[in-house]
Amino acid sequence: MSTRRSPAASTSRLVRTLRGVSAVLASFLAFLVVAVVLGAYFPAIPKAGVIGPVLGGRYPFHIALIALAAAVLAGLAWRAGLVRWGRTVTVITTLYTLGALTIGGIQFGPRRTPASTSPWARRSPNSVIRRRSPT
């Protein structure tokens, strides 16, 4: 038999502090990720539109890792008793993780370039590479 714990039972001061720190840190990271990903998708947003394309464009997988860290912290806060807040932040960070991974997938997906512009394209034996003469 297991003993049931009352939801109104007091928790230790350490657990409440860690729960609060986890929720605040998860919220901060979630805010950062939301600003970057929304700025990458909608560059017309003031301030976020400036930083979004830069960070979202160059480091989409780093943004996804930050979002996953926020989701883990939100999950810990959810598990520790902040049910509504933990669930909300977990859902938001999960959605924005998918958004950041979409940016990364678009960037690093297969390139669709014509064969003539590809550096590995096979040249015909009759083609001549002309170089500019120094003048």
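Under this note's numbering, think of the first position of the sequence shown as -6, with each following residue one higher.
Just so it is clear, CB atoms sit at the ideal spot from N, CA and C, and this is done for glycine as well.
Outcome for residue i when other beta-carbon atoms lying within 10 angstroms are tallied against a minimum of 16
{"i": "Ala37", "result": "exposed"}
{"i": "Gly92", "result": "buried"}
{"i": "Thr10", "result": "exposed"}
{"i": "Val8", "result": "exposed"}
{"i": "Ile59", "result": "buried"}
{"i": "Pro39", "result": "exposed"}
{"i": "Gly98", "result": "exposed"}
For residue j and residue i, the rounded distance between their alpha carbons
{"i": "Pro46", "j": "Thr4", "result": "44 Å"}
{"i": "Thr83", "j": "Leu75", "result": "12 Å"}
{"i": "Val26", "j": "Ala73", "result": "23 Å"}
{"i": "Arg12", "j": "Ala41", "result": "29 Å"}
{"i": "Ile96", "j": "Thr87", "result": "15 Å"}
{"i": "Trp71", "j": "Gln100", "result": "34 Å"}
{"i": "Arg77", "j": "His55", "result": "27 Å"}
{"i": "Leu48", "j": "Thr81", "result": "24 Å"}
{"i": "Arg6", "j": "Phe35", "result": "43 Å"}
{"i": "Leu94", "j": "Pro53", "result": "6 Å"}
{"i": "Ala62", "j": "Gly79", "result": "13 Å"}
CA nearest to the CA of residue i, picked from the options
{"i": "Ala64", "options": "Thr10, Arg9, Val17", "result": "Val17"}
Proximity below 8 Å, CB of residue i to CB of residue j
{"i": "Ala57", "j": "Thr90", "result": "yes"}
{"i": "Leu69", "j": "Ser15", "result": "yes"}
{"i": "Ile44", "j": "Val30", "result": "no"}
{"i": "Ala33", "j": "Ile85", "result": "no"}
Review point. In the region 38 to 92, which residue ranges form an unbroken alpha helix (DSSP H) of at least 4 residues, counting only runs that do not cross its ends?
Key: List check, alpha helix (DSSP H) in window: 41 to 51, 53 to 73.
Review point. Taking the runs of the beta strand (DSSP E) that are 3 residues or longer, which of them lie wholly in the region -1 to 28?
Key: You should have found no qualifying run.
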